[in-house]
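Novice:
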Amino acid sequence: MHVLATAPDGKTETKQVLSGYLFSVDDQWLWITAGHIIDGDENSLCAAVRGGYTIRLNFGSFANDYGWQAFPPRLMCNLLPQGVDCCALPLAAPMRDSLKSEGKLAHTDFQWFAPISEDDHFYIVGVPLEAVKPRGQRRLITLPIENEVSIRCVEVYECRCPDDNFTLPAVEDANKHGIPLFFARINQESQTRSIRGMSGGQIIRARHFEALKGIGYGLFAMQSGWFKNDRVIYGPFAATFMPMIRNWVREKMLRPLA
Numbered sequence: 000m001h002v003l004a005t006a007p008d009g010k011t012e013t014k015q016v017l018s019g020y021l022f023s024v025d026d027q028w029l030w031i032t033a034g035h036i037i038d039g040d041e042n043s044l045c046a047a048v049r050g051g052y053t054i055r056l057n058f059g060s061f062a063n064d065y066g067w068q069a070f071p072p073r074l075m076c077n078l079l080p081q082g083v084d085c086c087a088l089p090l091a092a093p094m095r096d097s098l099k100s101e102g103k104l105a106h107t108d109f110q111w112f113a114p115i116s117e118d119d120h121f122y123i124v125g126v127p128l129e130a131v132k133p134r135g136q137r138r139l140i141t142l143p144i145e146n147e148v149s150i151r152c153v154e155v156y157e158c159r160c161p162d163d164n165f166t167l168p169a170v171e172d173a174n175k176h177g178i179p180l181f182f183a184r185i186n187q188e189s190q191t192r193s194i195r196g197m198s199g200g201q202i203i204r205a206r207h208f209e210a211l212k213g214i215g216y217g218l219f220a221m222q223s224g225w226f227k228n229d230r231v232i233y234g235p236f237a238a239t240f241m242p243m244i245r246n247w248v249r250e251k252m253l254r255p256l257a
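Mapping of the sequence shown onto numbering that gives the first Met the number 0: position 201 corresponds to residue 200, and the numbering continues sequentially without gaps.
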């Protein structure tokens with residue numbers, strides 16, 4: 000997703016690309032990403048809004064393919080207080096319809112709960128900072144970027160949390176709330192040197208089904224953070240947070256935004 004931030008003076012505009020994915024509940028489309036990106040620290044979108052910035056979102060390019068949508072923090076589903084590094088933003092109906100017309104698909108319930116098999120393969124899908132040109136800092140208000148970005152698919156292998164990382168705040172917070180996390184090690188042969196910028200990206204599980212003579216795949220977890228030295232990533236399982244988002248939408252009786 001592209002983000003356009005306009006400074007309080009109304010003149011200065013800065014841009015950023017964020018990782019995330021689409022999810023549909025009763026035809027209400029939402030954009031899902033890591034909670035710390037939306038409302039986590041001084042670099043988050045909510046912090047920029049509090050600082051007087053106007054934030055708009057676009058799922059096409061900075062050429063304005065799908066039209067811009069204002070960032071609606073009051074409408075978002077924020078699961079951070081519950082120990083889940085996840086936020087969901089509802090999309091306006093015109094943006095949803097434009098995405099549909101371009102053949103874009105949103106995740107539903109498929110493959111959340113199936114147990115892990117030795118035949119499974121896992122991939123993170125997102126946009127690392129090193130794939131954004133020109134390279135720059137992460138901060139929303141200091142990162143100038145162009146239209147040219149590269150979505151990457153990085154293979155990872157399920158593993159356990161490295162022993163010396165159990166006490167890190169993000170892992171401790173999830174454990175405190177009883178939120179299970181998925182841990183996986185990045186393929187050593189991956190050409191992606193750093194997955195910084197891929198927070199909020201979907202972790203896809205793929206499995207070959209002999210009976211179907213094909214490969215099945217679906218959303219399994221979400222990239223939240225990583226232990227750089229160990230090359231280990233972690234994030235909440237979709238089976239944990241997706242039902243929470245679905246229930247939030249239905250309890251709010253949220254209609255597609257005009």
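Just so you know, even glycine gets a beta-carbon here, dropped at the ideal spot from N, CA and C. A quick note: this is a predicted structure, and the numbers were derived from the prediction, not measured.
Please check the pair G199 and S23, which I expect to be a contact at CB under 8 Å, by giving their CB distance rounded to whole angstroms.
Specialist: Contact doesn't hold; Cβ gap of about 17 Å is too wide.
Novice: Straight-line CA distance for C76 to L88?
Specialist: The alpha-carbon atoms of C76 and L88 are separated by roughly 7 Å.
Novice: Looking at chain D, is there any beta carbon in it that lies within less than 9 Å of the beta carbon of C158?
Specialist: No chain D appears in the structure shown, which is made up of a single protein chain.
Novice: To the nearest angstrom, how far is the alpha carbon of C160 from that of D229?
Specialist: Each residue's alpha carbon lies about 10 Å from the other.
Novice: Given a cut-off of 9 Å, decide if I202 and Q222 are closer than it, judged by their beta-carbon atoms.
Specialist: In this structure, I202 lies closer than 9 Å to Q222 by Cβ.
Novice: In the DSSP assignment, find the alpha helix (DSSP H) that holds V48 and state where it starts and stops.
Specialist: It spans L44 to R49 - the alpha helix (DSSP H) in which V48 sits, taken as one unbroken run.
Novice: For N174, which of I150, Y233 and P242 has the nearest alpha-carbon?
Specialist: When only C-alpha atoms are compared, the closest one is Y233.
Novice: Which residues bound the beta strand (DSSP E) around R55?
Specialist: Run containing R55: T53 to N57, per the beta strand (DSSP E) assignment.
Novice: Checking 9 Å against the spacing of the C-beta atoms, do V83 and G125 come in under that value?
Specialist: No; because the gap between Cβ atoms is not below 9 Å, this pair is not in contact.
Novice: Comparing alpha-carbon positions, which option in E171, P179 and R204 lies nearest C152?
Specialist: Per the Cα distances, R204.
Novice: According to DSSP, simplified to helix, strand and coil, what is N186?
Specialist: Here N186 sits in coil by DSSP.
Novice: Buried or exposed: where does P143 fall if 16 or more other Cβ atoms within 10 Å of its Cβ makes it buried?
Specialist: Note on P143: pLDDT 42, under 50, position unreliable in the model; the coordinate value appears next. Per the 10 Å Cβ criterion, exposed.
Novice: Check each candidate in V2, C45 and Q81 and name the one with the smallest Cα separation from E171.
Specialist: Considering only alpha carbons, the answer is Q81.
Novice: Tell me the rounded alpha-carbon separation between F219 and A169.
Specialist: Their backbone Cα atoms lie some 19 Å apart in a straight line.
Novice: Would you kindly work out how many angstroms separate the C-alpha atoms of L44 and I54, rounded to a whole number?
Specialist: Using only the alpha carbons, I get a separation of about 7 Å.
Novice: In this structure, what does DSSP give as the bridge partners for R151?
Specialist: Bridge partners of R151: G125.
Novice: Is DSSP giving L90 helix, strand or coil here?
Specialist: Of the three classes helix, strand and coil, the one that applies to L90 here is coil, per DSSP.
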